[in-house]
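All remarks here apply to the structure that follows.
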Amino acid sequence: MIITLDEFFRGYEASKPYFEAVRVLLDTIGPTEMRVSKSQVAFWRSKAVAYLWIPARYLTGDLAPLVLTLGFDQRDESPRWKEIVEPAPGHFTHHLEIWSMAAIDDQVRDWLKKAWLNAA
Numbered sequence: 001m002i003i004t005l006d007e008f009f010r011g012y013e014a015s016k017p018y019f020e021a022v023r024v025l026l027d028t029i030g031p032t033e034m035r036v037s038k039s040q041v042a043f044w045r046s047k048a049v050a051y052l053w054i055p056a057r058y059l060t061g062d063l064a065p066l067v068l069t070l071g072f073d074q075r076d077e078s079p080r081w082k083e084i085v086e087p088a089p090g091h092f093t094h095h096l097e098i099w100s101m102a103a104i105d106d107q108v109r110d111w112l113k114k115a116w117l118n119a120a
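Counted the way the numbering used here counts, the sequence shown spans residues 1 to 120.
Dropping the structure here:
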């Protein structure tokens with residue numbers, strides 16, 4: 001189901017500034033197509049570059065306002081990742097909790113660039 005960006009953030013307005021900061025970083029790397037669904041906002045080239053989603057839609061407790069999900073062909077060993085899974089051999093999905101603007105830094109830009117290049 002396709003929805004608008006405003007509909008996606010309805011009830012979760014505190015998450016939107018973090019989303020905008022990630023989107024600005026991604027825009028400095030190169031063009032993407034944004035796809036908004038009820039569960040996530042995805043940025044695409046020929047393949048997915050990045051997904052942003054709101055944990056509070058699905059979970060309860062002390063949750064980050066936003067999670068950035070990136071896929072790589074190898075595990076990135078940074079301790080910043082909340083979770084890394086290998087859903088298929090050689091495909092590693094990395095989940096980064098975004099708790100503050102400070103978390104959206106040069107390292108995140110480097111990861112976004114790597115994901116952008118891999119999605120060509």
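Note that beta-carbon positions come from the ideal geometry of N, C-alpha and C, so glycine has one too.
Bridge partners - residue i, DSSP secondary structure assignment
| i | result |
| --- | --- |
| Phe43 | Met34, Ala50 |
| Ala88 | His91 |
| Val67 | Trp53, Glu97 |
| Phe9 | Answer by DSSP bridge pairing: none, since Phe9 is not bridged. |
| Ile83 | For the record, residue 83 in the displayed sequence is Glu; it is not Ile. Glu83 is bridged to His95. |
| Ile2 | Ser37 |
Rounded separation between residue i and residue j - CA only
| i | j | result |
| --- | --- | --- |
| Leu52 | Asp62 | 18 Å |
| Lys114 | Ile3 | 28 Å |
| Phe9 | Lys16 | 7 Å |
| Asn118 | Arg109 | 14 Å |
| Leu40 | Ile54 | The amino acid occupying residue 40 in the given sequence is Gln; Leu does not appear at that position. Looking at the two C-alpha atoms, the distance is approximately 7 Å. |
| Gly11 | Met34 | 21 Å |
| Gln151 | Glu20 | Coverage of the chain is limited to positions 1 through 120, which leaves residue 151 absent and any answer about it impossible. |
| Lys82 | Asp106 | 18 Å |
Supposed close pair residue i, residue j - CB separation, criterion 8 Å
| i | j | result |
| --- | --- | --- |
| Val70 | Ala50 | The residue you asked about is not Val; residue 70 is Leu in the sequence shown. Contact holds; Cβ gap of about 6 Å. |
| Ala135 | Ala42 | With the chain running from 1 to 120 in the structure shown, residue 135 is simply not present. |
| Met80 | Leu96 | Correcting the residue identity first, residue 80 is Arg in this sequence and not Met. That pair is a contact at about 6 Å. |
| His91 | Asp76 | The pair is not a contact, with the Cβ atoms about 13 Å apart (cut-off 8 Å). |
| Leu5 | Val36 | 5 Å |
| Arg45 | Ala102 | 28 Å between Cβ atoms; not a contact. |
Cut-off 8 Å between Cβ atoms - residues of its own chain near residue i, not counting five sequence neighbours on either side
| i | result |
| --- | --- |
| Ile121 | No answer is possible for residue 121: the residues shown for the chain start at 1 and end at 120. |
| Leu26 | Thr32, Phe43, Val49, Ala50, Leu112, Trp116 |
| Thr28 | Arg109 |
Alpha helix (DSSP H) segment containing residue i, residue limits
| i | result |
| --- | --- |
| Pro17 | 16-29 |
| Gln107 | 106-118 |
Sequence-distant residues of the same chain with beta carbon closer than 6 Å to residue i, five excluded per side
| i | result |
| --- | --- |
| Gly30 | Trp116 |
Residues of its chain near residue i, where Cβ-Cβ distance is below 7 Å and the 5 sequence neighbours each way are ignored
| i | result |
| --- | --- |
| Lys38 | Met1, Ile3 |
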